[in-house]
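Per this note's numbering, the very first residue in the sequence shown carries number -7; after that it's consecutive.
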Amino acid sequence: MINRELVNPKSIVIIGASENIRKPGGKVLFNILLGKYKGKLYAVNPKEEKVQGVRCVKPEDLPNVELAIISVAVNHVKGYVEYLAKEKKTKAFIILSAGFGEMGEEGKKLEKEIVAVVDKYKAALIGPNCIGVLTTHYNGIFAGPIPKLDPAGCDFVSGSGATAVFIIENGITLGLSFASLYSVGNSAQIGVEEVLKYWDETFDPKTSSKVKLLYMENVNKPDMLLKHASSLINKGCRIAAIKAGSSDAGSRAASSHTGALATPDKAVDSLFNKAGVVRCYGRLDLIYTASVLTNKELKGKNIAIITHAGGPGVMLTDALSNGGLEVPHIEGKHAKELLGKLFPGSSVANPIDFLATGTAEQLGIIIDYVNDKFTNIDGMAVIFGKPGLGDIYDVCKVIDEKMKTSEKPIYPLLTSAITSAEEIEYFKSLGRIYFSDEVMLGKSIVNIANTPRPYTDFTEEEVDKKKIRAIISKAKNGYLKPEQVADILDAAGIARVPEFVSAKKSEVVKKAKEFGFPLVMKVVGPVHKSDVGGIALNLKTEKEVEKTFDKMTKIDGYKGVMIQPMISGKEFFAGINHEGKFGHSILCGLGGIFIEVFKDTASNLAPFGKDKALEMIRSLKSYKIIKGVRGQKGIDEKKFAEIIARLSSLTQAAPEIMEMDINPLLGNEKDLVAVDSRIKIEK
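And the structure:
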């Protein structure tokens, strides 16, 4: 738990304080002094009388102290924690020392013992193996540089200390300010999710930061993240996050770094999507996204690009358009008026190009027209470099003033990092953030615009929970019998093709006559029927049924056969996969053999309703097939969405389901029915 003593301590002791600022215990003391900490500060170092002007004391001579920052050899840490918590009433600990859970089982054991002590005395613990904590009250980190601290800046939590430093450096470069940094290290007691929870539970709309940044290599508590991220966003915050380890190799790297297994990436995508978190994939991506989020909210998808350099305007247009945003043509009476106020050769068609000779005054006029008169524009990007015709202080002043009064967001792109270095520093001194790369800016705007609001309010599809529970309670672990699968589909309200299962030829032949021809026959037993020749299509006669039955009895793993009427339609797929601590993912896509060839699937974490299921369907690359293409009729996408939503409800009734495939789900413009299904459970 994060407490007041960790965030705003009235007294701090540095265990392992040093005169040497190249050591963590020396640098953290240096940073605290640099930040002019207002509380009582103590140092413990048995080899020194004073360090950096702070008198060293023996632990037994310490008064009660609220926060201890520990930077000593790993084998001494537990002893200090026990002594301070018990004897000095210390309620917050930051352990900078490494050598714990990230090193193996012995380190994990020691880590757990320390957490047990901290929990016993109802204290807070950050770390171990971290760079510390930074708030507007104290600089409790041993790394640098220390960013500009502002309660209205970004709150930032990171699972990696070094990465946090690099991200902060990138932010400082662009003018981004920070309100806090929590480097959670091994997350022994407090991890990224607990920090997010603290931000949510202490959020004040008047004083709290509105932008939260996360860097994580493992999602330990997805339910906690979903709950508190959704809550914060609904309170008016925006959240951007990097979840590293999205590839197999990246997962291995994350595992070796943190000592924790990286989490399934599609499940992370679904979780962030559901929570309304903007997902980023790199340091600059996160910083650009944060910088856009600190601006006024873009309330539409139409952007005006104001530039005196054609190339960057074209590249920004491409980045926005490729991401689904619009750079609409500007024309009409007001466009003609504006053109008359610019130099000959200018263009207002959008991008609005006012030439290399354009002035700050003209820029101000253009911004006013975009804000006040061009009602089809929702936001604007201003691209201005230094064309070598003088300084651009006046341009910086105009952009700053217009950002104060404009109702629409203005994204300032100052592209001359060297020749305009002094002017850019001046712009940042006004409290402004700037952008230097038009493509990264465009992608960040697109990513934010395409991230949905938190998804928490929906209607579940009704299923027969009593019948489902009765089936599951009697079933054994593993794959359910075909008749059990059929009963669950019926209870879930999912239409299926009639089927009959038997190991007796006479019964199969009799049922075949009742069904009528043509028929499909499938072997019961082997999981992958097509791989072993266990599927026969278009059986048209009684003799073909008998011959195929005899053939299937010879297949290894044979337990019987299933016959069904053969129907036609397009093949789709829907299914369930249990994602460990994330719960159940519901998947959909093209079915039959195409699922393995094209791998065109969409997924979402349960539970959700038909609206989210429709989003999944419409995100598929094969959506045109669903709608109908080149004269071919499509399928009823609303029925498809209902089936997907029913699978979501099924997971709530039967959480024991580990895997479920409906493949194919055969459809036409009127019907959509399950043809072949399997379910695996684990109690």
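For glycine and all other residues, C-beta sits at the position ideal for the given N, C-alpha and C.
Find out if the Cβ-Cβ distance for the pair residue i, residue j is shorter than 7 Å.
| i | j | result |
| --- | --- | --- |
| Val64 | Gly8 | yes |
| Ile547 | Met513 | no |
| Pro474 | Gly584 | no |
| Ala116 | Asn(-5) | yes |
| Ile440 | Val187 | no |
| Val516 | Gly561 | no |
| Ile297 | Gly303 | no |
| Leu330 | Val319 | no |
| Pro518 | Ile225 | no |
| Glu648 | Lys675 | yes |
| Leu679 | Val149 | Because the chain spans -7 through 675 in this model, residue 679 falls outside it and cannot be assessed. |
| Ala267 | Ser223 | no |
| Cys122 | Ser175 | yes |
| Lys204 | Ile231 | yes |
| Thr349 | Phe366 | no |
| Ala605 | Ile636 | yes |
At which residues does the beta strand (DSSP E) containing residue i begin and terminate?
| i | result |
| --- | --- |
| Cys580 | 576 to 582 |
| Asp142 | 141 to 150 |
| Leu472 | No beta strand (DSSP E) contains Leu472, which DSSP labels as neither H nor E. |
| Thr299 | 295 to 299 |
| Ile133 | 131 to 133 |
| Tyr426 | Run containing Tyr426: none; DSSP gives neither H nor E here. |
| Asp564 | Checking the sequence shown, residue 564 turns out to be Phe, not Asp. Residues 562 to 570. |
| Ala84 | 84 to 87 |
| Phe507 | It is not in any beta strand (DSSP E) - Phe507 instead sits in the alpha helix (DSSP H) that spans 497 to 507. |
| Phe492 | 492 to 494 |
| Met554 | 552 to 557 |
CB-CB under 6 Å to residue i, same chain, minus the five flanking residues each way: which ones, in chain order?
| i | result |
| --- | --- |
| Met652 | Gly567, Ile568, Ile671 |
| Phe509 | Lys532 |
| Ala252 | Legend: pLDDT at Ala252 = 43, less than 50; position of this residue unreliable, no value from coordinates given. |
| His576 | Ile568, His570, Ala598, Thr643 |
| Ile618 | Gly626, Ile627, Glu629 |
| Ile359 | Lys394 |
| Lys613 | Asp592 |
| Met(-7) | Ala116 |
| Ala594 | Cys580, Met608, Ser611, Leu612 |
| Ile357 | Lys333 |
| His129 | Asn0 |
Quick one: residues in its chain with C-beta nearer than 8 Å to the C-beta of residue i, no 5 flanking neighbours on either side, listed in chain order?
| i | result |
| --- | --- |
| Ile559 | Val489, Leu658, Val665, Val667 |
| Pro197 | Lys227, Gly228 |
| His249 | Per-residue confidence for His249 stands at a pLDDT of 42, beneath the threshold of 50, marking its modelled position as unreliable; no derived number is given. |
| His321 | Ala341, Asn342 |
| Thr194 | Ser200 |
| Val374 | Ile298, Thr299, Leu355, Ile359, Ile391, Ile402, Tyr403, Pro404, Leu405 |
| Glu323 | Ala341 |
Ignore the nearest five residues each way along the sequence and tell me which others in residue i's own chain have a CB closer than 7 Å to its CB.
| i | result |
| --- | --- |
| Glu11 | Gly18, Glu40, Val43, Gln44 |
| Ile425 | Leu166, Gly167, Leu168, Ser283, Thr286 |
| Ala259 | Glu571, Phe574, Ser577, Leu597 |
| Gly31 | Pro1, Lys2, Ser3, Ile4 |
| Ile279 | Ile159, Asn162, Gly163, Leu166, Leu168 |
| Lys503 | Phe492, Ile555 |
Starting from residue i, follow the alpha helix (DSSP H) in both directions and report where the run begins and ends.
| i | result |
| --- | --- |
| Gly440 | First, the amino acid is wrong: residue 440 is Ile here, not Gly. Looking at the DSSP string, the run of the alpha helix (DSSP H) that includes Ile440 is 430 to 441. |
| Val537 | 534 to 544 |
| Cys229 | It is not in any alpha helix (DSSP H) - Cys229 carries neither H nor E in the DSSP assignment. |
| Tyr75 | 66 to 79 |
| Asp111 | 97 to 112 |
| Ile138 | Here Ile138 belongs to no alpha helix (DSSP H), and DSSP marks it neither H nor E. |
| Tyr418 | 413 to 421 |
| Asn162 | 153 to 166 |
| Leu290 | Per DSSP, Leu290 belongs to no alpha helix (DSSP H) and is neither H nor E. |
| Ser465 | 457 to 466 |
| Leu531 | It is not in any alpha helix (DSSP H) - Leu531 instead sits in the beta strand (DSSP E) that spans 527 to 531. |
Counting only beta-carbon atoms, is residue i nearer than 7 Å to chain D?
| i | result |
| --- | --- |
| Leu405 | Of the chains in the structure shown, none is chain D; there is only one protein chain. |
Output the residue ranges of the beta strand (DSSP E) runs that lie fully inside the stretch 588 to 645 and measure 3 residues or longer, sorted by chain position. 593 to 597
Do the stretch 407 to 425 and the stretch 383 to 391 make contact, defined as three or more Cβ pairs closer than 8 Å? yes
So, does the stretch 472 to 486 touch the stretch 496 to 508, judging by three or more C-beta pairs under 8 Å? no
Quick check on the DSSP output: what are the complete beta strand (DSSP E) runs of length 3 or more inside the stretch 5 to 59, in order along the chain? 32 to 36
Going residue by residue through the stretch 302 to 338, where are the continuous alpha helix (DSSP H) segments of at least 4 residues, counting only ones entirely within it? 302 to 314, 325 to 332
At least three beta-carbon pairs within less than 8 Å, the stretch 58 to 74 to the stretch 94 to 110: yes
At what residue ranges does the stretch 176 to 220 contain a whole run of the beta strand (DSSP E), taking only runs of 3 or more? 203 to 208
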